[in-house]
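The sequence shown runs 12 to 288 under the numbering used here. Ideal Cβ placement from N, Cα and C applies to all residues, glycine included.
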Amino acid sequence: MEQKKVTIAHLQEKKKNGDKITMMTAYDYPTAGLVDQAGIDTILVGDSLGMVMLGYESTVPVTMDDMIHHCKAVCRGAKSGFIIGDMPFMSYQVSIEKAIENAGRFIKEAGCDCVKLEGGSEMAPVTRAIVDAGIPVCAHIGLTPQTATKLSGFKVQGKDAESARELVQSAKDLEKAGAFLIVMECIPDLVAARITEELNIPTIGIGAGKDCDGQVLVYHDLVGLFERFTPKFVKQYVNLAPKIREALIQFKEEVESGAFPGPEHGFAMKAEEAEKI
Ligand code: KIV
């Protein structure tokens, strides 16, 4: 049965009814199809692709062209999931005009449904401008990997009362600026629960406890395809890397021993034709 396209109204309805929202990252056509078939509500083409797909140390080097390339593939593979294109570092900070132009590329060129951008209250004006241009915005507060250096590393945010209050204020400012969804990364469960309670828009947690309106994980972490490190908040549902390695080793051995390809993998030719060669 064909699944219906997820909409902003559908996500809002889920929050109202207390039904959890699911979000998963995807960066290519086959994964987008799998995520969609699983019935996951929203697909995030995260700039985490810089690390898990392109091998960078952080998300900072990711470019607009990298993002558009991967978003296009995801949009071809997903039919029902609401697709979020992640704006890379320096694509929305330089000027409001540049931010609108780049946000527009995610929608016009790649076919995404909305964009996501990192930052707190300071990002309210740019959020407002993109929303006013007709593009839905998903906010992202807490640990914001693009500015991890400014945060002195990949650390849990909002651990003391003052910074927790700032996070609550940021969430409110971004909602007021028109964001329809907000990702909260690596913040104490209690702070995430408070924000979820105080906002009308749905909250999506990653390392933010179970009281958020929904949860997101990076696909490569969930299926065990990123082996460099595993953050505390990750649950690995399957460990594919050893299985894939095993299959590759078996292929190598069978080619070297002559066991592959077998007659069943080849194409026969009629004997009378063969004689004429
Ligand atoms: O880039 C990404 O995948 C993200 C998630 C970790 C929320 O921003």
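Original post:
Could you give the C-beta distance for Val46 and Ala89, rounded to a whole number, given that I count them as a contact under 8 Å?
Top reply: 7 Å
**OP:** May I have the straight-line CA-CA distance separating Pro242 from Val229, to the nearest angstrom?
**Re:** 11 Å
Original post:
Just how far apart, CA to CA, sit Gly96 and Glu209?
Top reply: Rounded to the nearest whole angstrom, the CA to CA distance from Gly96 to Glu209 is 26 Å.
**OP:** Quick one: grab the DSSP three-state call for Asp97.
**Re:** Here Asp97 sits in strand by DSSP.
**OP:** Check Ala37 in the structure and name its three-state DSSP category.
**Re:** coil
Original post:
Quick one: what does DSSP say Lys16 is sitting in, helix, strand or coil?
Top reply: coil
**OP:** Using 8 Å as the cut-off, classify the Cβ of His81 as near or not near the heavy atoms of the ligand KIV, replying yes or no.
**Re:** no
Original post:
Between Arg116, Tyr40 and Pro41, which lies nearest to Thr74 when the distance is taken from Cα to Cα?
Top reply: The option with the nearest alpha carbon to Thr74 is Arg116.
Original post:
Taking the C-alpha atoms as reference points, what is the distance between Lys170 and Phe100?
Top reply: 25 Å
Subject >> DSSP bridge partner residues for Met195 (one or two, in chain order) >> reply: Ile152 and Gly216
**OP:** Confirm, please, whether the CB-CB distance from Met195 to Ala219 is below 9 Å.
**Re:** yes
Original post:
Could you check where the alpha helix (DSSP H) with Gly277 kicks off and where it finishes?
Top reply: Run containing Gly277: none; DSSP gives neither H nor E here.
**OP:** Tell me whether Thr138 counts as near the ligand KIV, meaning its Cβ is closer than 8 Å to at least one heavy atom of that ligand.
**Re:** In this structure, Thr138 has its beta carbon at no less than 8 Å from each heavy atom of the ligand KIV.
Original post:
What residue range is occupied by the uninterrupted beta strand (DSSP E) comprising Glu129?
Top reply: Cys125 to Glu129
Subject >> As assigned by DSSP and simplified to three states, the class of Leu22 >> reply: helix
**OP:** Ignore the nearest five residues each way along the sequence and tell me which others in His81's own chain have a CB closer than 6 Å to its CB.
**Re:** Tyr38, Val56 and Leu60
Original post:
Do you know offhand how far Val227's Cα is from Ile94's?
Top reply: 13 Å
Original post:
Under 8 Å from any heavy atom of the ligand KIV, does the C-beta of Glu196 make it?
Top reply: Yes, the ligand KIV has a heavy atom inside 8 Å of this Cβ.
Original post:
Shortest alpha-carbon distance to Met64 belongs to which of Glu267, Leu251 and Leu236?
Top reply: Leu236
Original post:
Between Glu173 and Ser132, is the Cβ-Cβ spacing less than 9 Å?
Top reply: no
Original post:
Out of curiosity, what's the CA-to-CA distance linking Ala204 and Tyr67?
Top reply: 33 Å
Subject >> Thr36 classed as buried or exposed, judged by whether at least 16 other C-beta atoms fall within 10 angstroms >> reply: buried
**OP:** Measure the beta-carbon distance from Thr11 to Ile32 and round it to whole angstroms, keeping in mind my assumption that it falls under 8 Å.
**Re:** This structure gives no information on residue 11, because the portion of the chain shown stretches from 12 to 288.
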